[in-house]
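Structure, as structure tokens:
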Amino acid sequence: MFRTGTLLLASLSCWLGSLAHAADFTELDRQLRAGELGSIKSLLIAQDGEVVFEGYYRGTQANTLHLLNSVSKSLGATLVGIAHRQQRLRLEEPVSALLPQYDWNGDPALRTHRALTLAQILTMRTGIAWDEWSTDYRDPNNSVAAMLASSDWYRHVLTRPAAQPAGTHYTYNSGVSTLMSGILRARTGLSPQAFAQRELFAPLGIE
2 MFRTGTLLLA SLSCWLGSLA HAADFTELDR QLRAGELGSI KSLLIAQDGE
52 VVFEGYYRGT QANTLHLLNS VSKSLGATLV GIAHRQQRLR LEEPVSALLP
102 QYDWNGDPAL RTHRALTLAQ ILTMRTGIAW DEWSTDYRDP NNSVAAMLAS
152 SDWYRHVLTR PAAQPAGTHY TYNSGVSTLM SGILRARTGL SPQAFAQREL
202 FAPLGIE
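So for the sequence shown, the working numbering puts the first residue at 2; every next one is plus one.
Spelled out as structure tokens, the structure:
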């Protein structure tokens, strides 16, 4: 992934600048079709508000759906930002208020992280013990794999032990990003998909 991105950026630097027409990208298009820049499936370049290059490769088209993976984290944070602008939630609110379906006082397993704030969740500074880099995502010892195997993803994340005090260390954590889905549902009364369509995709003309 890193190598592919580096190759693409290096090649783009040869074409970008004062170019303003798709015809200027003939060699780039050739390299993309030949796979010389990696297994890139699509590329769109806009310059000064105008699309100057658009290409699709490896059997894809403009309407081909792609697996977003961790791009969804940015999308989820964007939706939380929209809800925040609408005053549906506050960054300093604790997770115990944002996910009221749990017995935060009566369930001992939930007490450790009940004071986590939305800001700490968004910045992945929760202090929750989590490791999704040391092993393959299919390994049952991987934190993400363990979460996916659980019956309640939110509770699984929130009952993990603490590795550091909240707010002090950044730890990449796909688990806490899933909490945004539950938070949005609780505060908007809509599924994350419906809220995204109404408040983000529809205004942008995305179907």
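Beta carbons: idealized from backbone N, C-alpha and C, even for Gly.
If you compare the alpha carbons of 82, 79, 127 with that of residue 95, the shortest gap goes to 127. In this model, residue 105 and residue 170 are separated by some 24 Å (Cα to Cα).
Inclusion of residue 160 and residue 111 in the CB contact set at 8 Å is warranted, their separation being smaller than that value. Assigned with DSSP and collapsed to three states, residue 83 falls in helix. Here the C-alpha atom of residue 120 lies approximately 23 Å from the C-alpha atom of residue 195. The segment 86–101 and the segment 129–148 do not touch, with fewer than 3 CB-CB distances between them shorter than 8 Å. In the three-state reduction of the DSSP assignment, residue 66 falls in the coil class, being assigned neither a helical nor a strand state. The three-state reading of DSSP puts residue 56 in strand, counting E and B together. According to the DSSP assignment, residue 47 belongs to no alpha helix (DSSP H) but to the beta strand (DSSP E) extending over 43–48. A distance below 8 Å separates the beta carbons of residue 61 and residue 43.
Judged by beta-carbon spacing, residue 130 lies within the 8 Å limit of residue 162, meaning their Cβ atoms are closer than that value.
In this structure, the alpha-carbon of residue 101 lies about 41 Å from that of residue 63. The beta carbon of residue 192 is closer than 7 Å to those of 186 in its chain, skipping five residues each way along the sequence. Taking C-alpha positions only, residue 65 is separated from residue 57 by approximately 9 Å. Taking 8 Å as the cut-off, the Cβ atoms of residue 92 and residue 113 do not count as close. The alpha-carbon of residue 198 is positioned some 16 Å away from that of residue 74.
Per DSSP, residue 157 is one residue of the alpha helix (DSSP H) stretching across 154–159. DSSP, reduced to helix, strand and coil, places residue 200 within a helical segment of the structure shown.
Between residue 123 and residue 78, the gap from beta carbon to beta carbon is short of 8 Å. For residue 184, the three-state secondary structure derived from DSSP is helix.
Under DSSP, residue 95 takes part in a beta bridge, and its partners are 118. The beta-carbon distance between residue 55 and residue 45, rounded to whole angstroms, is 5 Å. This is short enough to meet the 8 Å contact definition.
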